[in-house]
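Engineer: One structure coming up, written as structure tokens, with questions to follow.
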């Protein structure tokens with residue numbers, strides 16, 4: 001049973017436009033959410049996180065939105081750049097619970 | 112500078128031949144994790160150490176073992192690799208192990224091929 005879901009395996013976006021990656025979770029005990037970026041043949045790199053006490057966190061071109069009632073979070077990248085092309089993993093955790101990852105969304109930013 | 116280092120990056124082993132993957136960290140984090148990731152799937156937690164306290168996931172096969180001789184190093188031993196064990200193995204560290212709001216830092220992974 002997947003506790004963290006990323007229903008879009010892939011996404012293509014034009015350079016300069018907004019990329020929106022979505023993530024849903026089922027466990028209401030999760031209180032900390034993270035996004036990781038992964039290039040081929042490399043380990044995931046931490047990108048941005050959000051605590052459940054917030055509904056938005058912004059870091060440069062990256063913004064994460066959290067909708068607790070819908071158990072949904074999204075990562076917005078604007079403007080998208082070709083270097084953003086990678087697989088993006090959503091992860092969730094809570095006190096006493098280790099990180100649970102979604103299956104990832106492959107983002108392709110087209111020049 | 113790399114903070115979580117995995118060796119080797121690529122490992123080829125024979126079916127049934129024991130293999131050890133290694134991970135070291137310079138972050139002095141309490142927690143070290145081993146994940147298995149197969150193509151297009153979520154990284155799957157195999158086990159983790161909180162300091163010296165070993166925590167096995169319920170569905171991790173007995174074929175997989177781990178050792179943490181000190182804070183900096185952690186090893187993944189696969190006693191009898193099968194073809195289904197071919198995957199990317201990711202080591203990660205964190206300060207609080209999910210017990211505090213903190214991120215995990217990953218190594219570059221070891222791609223294991225079983226022939």
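Chains as they are written, first to last, in my numbering: chain P, 1 to 111; chain U, 112 to 226. C-beta: ideal position from N, C-alpha, C; glycine also. Nothing here was measured: the structure is a model prediction, and the numbers come from that model.
CA-CA distance, residue 71 (chain P) and residue 127 (chain U)?
Structural biologist: Counting from one through the first chain, the residue named residue 71 (chain P) turns up at place 71. Counting from one through the second chain, the residue named residue 127 (chain U) turns up at place 16. Going by the C-alpha atoms only, they are around 43 Å apart.
Engineer: Our contact map puts residue 223 (chain U) next to residue 122 (chain U) with C-beta atoms below 8 Å; I'd like the distance itself, whole angstroms only.
Structural biologist: The residue given as residue 223 (chain U) occupies position 112 in the second chain. The residue given as residue 122 (chain U) occupies position 11 in the second chain. With a Cβ gap of about 5 Å, residue 223 (chain U) and residue 122 (chain U) count as contacting.
Engineer: Please state whether the Cβ-Cβ distance between residue 36 (chain P) and residue 45 (chain P) is less than 9 Å.
Structural biologist: The residue you call residue 36 (chain P) lines up with position 36 of the first chain. The residue you call residue 45 (chain P) lines up with position 45 of the first chain. Yes.
Engineer: Short check: CB of residue 88 (chain P) to CB of residue 6 (chain P), under 9 Å?
Structural biologist: Residue mapping note: residue 88 (chain P) aligns to position 88 of the first chain, counting from 1. Residue mapping note: residue 6 (chain P) aligns to position 6 of the first chain, counting from 1. Yes, they are a contact pair.
Engineer: Closer than 9 Å, CB to CB, is residue 117 (chain U) near chain P or not?
Structural biologist: Working through the second chain from its first residue, we reach residue 117 (chain U) at position 6. Judged by the 9 Å Cβ criterion, residue 117 (chain U) is in contact with chain P.
Engineer: So, for residue 65 (chain P): in the same chain, excluding its five sequence neighbours on each side, which residues have a beta-carbon less than 6 Å away from its beta-carbon?
Structural biologist: Indexing the first chain from 1 puts residue 65 (chain P) at position 65. So the list reads 56 and 74, once near-sequence residues are dropped.
Engineer: So, are the CB atoms of residue 220 (chain U) and residue 43 (chain P) less than 9 Å apart?
Structural biologist: For the purposes of this step, residue 220 (chain U) is taken as the residue at position 109 of the second chain. For the purposes of this step, residue 43 (chain P) is taken as the residue at position 43 of the first chain. Yes, the pair counts as a contact, with Cβ atoms nearer than the cut-off.
Engineer: With distances taken from CA atoms, which of U:134, U:153 and U:172 is nearest residue 9 (chain P)?
Structural biologist: Taking the first chain and counting its residues from 1, the one referred to as residue 9 (chain P) is at position 9. For the residues U:134, U:153 and U:172, the minimum Cα distance to residue 9 (chain P) belongs to U:153.
Engineer: Decide if residue 50 (chain P) is buried, meaning its Cβ has at least 16 other Cβ atoms within 10 Å, or exposed.
Structural biologist: Start at 1 with the first residue of the first chain, and residue 50 (chain P) comes out as number 50. It is buried - the Cβ of residue 50 (chain P) has at least 16 other Cβ atoms within 10 Å.
Engineer: Among the candidates P:111, P:81, P:34 and P:82, whose CA atom is the shortest distance from the CA of residue 24 (chain P)?
Structural biologist: Taking the first residue of the first chain as position 1, residue 24 (chain P) is located at position 24. Here the closest residue by C-alpha is P:34.
Engineer: Rank U:193, U:174, U:162 and U:120 by C-alpha distance to the C-alpha of residue 182 (chain U) and give the top, closest one.
Structural biologist: As a working note, residue 182 (chain U) is residue 71 in the second chain. Checked all of U:193, U:174, U:162 and U:120; the closest Cα to residue 182 (chain U) is U:162.
Engineer: Roughly how many whole angstroms lie between the Cα atoms of residue 39 (chain P) and residue 107 (chain P)?
Structural biologist: In the first chain, the residue the question calls residue 39 (chain P) occupies position 39. In the first chain, the residue the question calls residue 107 (chain P) occupies position 107. If you take the alpha carbons of residue 39 (chain P) and residue 107 (chain P), they lie about 11 Å apart.
Engineer: Starting from the beta carbon of residue 34 (chain P), find every residue of chain U whose beta carbon is closer than 7 Å, and list them in chain order.
Structural biologist: Mapped onto the first chain, residue 34 (chain P) falls at position 34. Here the neighbours are 214.
Engineer: I want to verify the contact list: residues of chain P whose CB lies under 9 Å from the CB of residue 156 (chain U), in sequence order.
Structural biologist: Locating residue 156 (chain U) in the second chain gives position 45, where the first residue counts as 1. In chain order: 98, 99, 100 and 101.
Engineer: Name, please, each residue of chain U whose Cβ falls closer than 9 Å to the Cβ of residue 8 (chain P).
Structural biologist: The residue you call residue 8 (chain P) lines up with position 8 of the first chain. Ordered by position in chain U, no residue passes the 9 Å Cβ test against residue 8 (chain P), which lies about 12 Å from the chain.
Engineer: As an exercise, report each continuous beta strand (DSSP E) stretch of at least 3 residues that is fully enclosed by the region 41-100 of chain P, in chain order.
Structural biologist: With a minimum length of 3 residues, the continuous beta strand (DSSP E) runs that stay inside the region 41-100 of chain P are 45-51, 56-59, 62-67, 72-77 and 86-94.
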